[in-house]
Amino acid sequence: MGIALFILGLAGVAWGAMFLFNVRGAADKIAARRNAVRAVAAAQTMNLSLTEPSRLGAWFFRLTGGIVFLCSPLLALAGLVIATRN
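When you number the sequence shown by the working numbering, it's gap-free, plus one each residue, and the end is 90.
In C-alpha cells:
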C-alpha cells in the first residue's frame with residue numbers, strides 16, 4: 005500500500021509539473037481538445053450553447069496542475085512513511 009502511494013505521488017508530481025509549466029503545450033492542447041469535444045457534442049445534440057468556447061481555458065488546467073504538483077509530494081511522503089513502518 006505504501007509503495008503504491010509513493011508511486012502515485014511521484015506520478016502526480018510529474019503530471020502536475022507537465023500542466024503547471026505547460027511542458028510541450030500540454031495545457032493548451034487539453035483546452036483545445038475540450039473545445040473540440042464541446043463542438044462535436046453541440047453538433048450531435050443540436051445544442052447551440054455548446055458551440056461557444058469553454059470559459060475554462062489553459063489557465064484552469066495550469067491551476068489544476070499547480071495544485072496537484074504541490075500536494076503530490078505529501079502523498080509520496082505518506083507512502084514512504086507507510087512503506088518503511090511495515
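Cβ atoms here follow ideal geometry from the backbone N, Cα and C, with glycine treated the same way.
It should be emphasised that the depicted structure is a prediction, and the values quoted were computed from it without experimental measurement.
Closest residue to residue i among the options (Cα-Cα distance)
i	options	result
ASN51	SER58, ARG42, ARG59	ARG42
PRO57	ARG38, ALA15, VAL85	ARG38
ILE71	ILE11, LEU24, THR55, LEU54	LEU24
GLY20	ARG66, ILE11, GLY29, LEU81	ARG66
Proximity of residue i and residue j at Cβ, strictly below 8 Å
i	j	result
LEU22	GLY61	The sequence shown places Met at residue 22, not Leu. No, the pair does not count as a contact, with Cβ atoms beyond the cut-off.
SER76	VAL17	yes
GLY83	ALA31	no
Beta-carbon separation (whole angstroms), residue i vs residue j, contact threshold 8 Å
i	j	result
GLY13	LEU54	Actually they do not touch by this definition, with Cβ atoms about 36 Å apart.
**Message:** Three Cβ pairs or more, each shorter than 8 Å: is that satisfied between the stretch 29 to 48 and the stretch 77 to 89?
**Reply:** no
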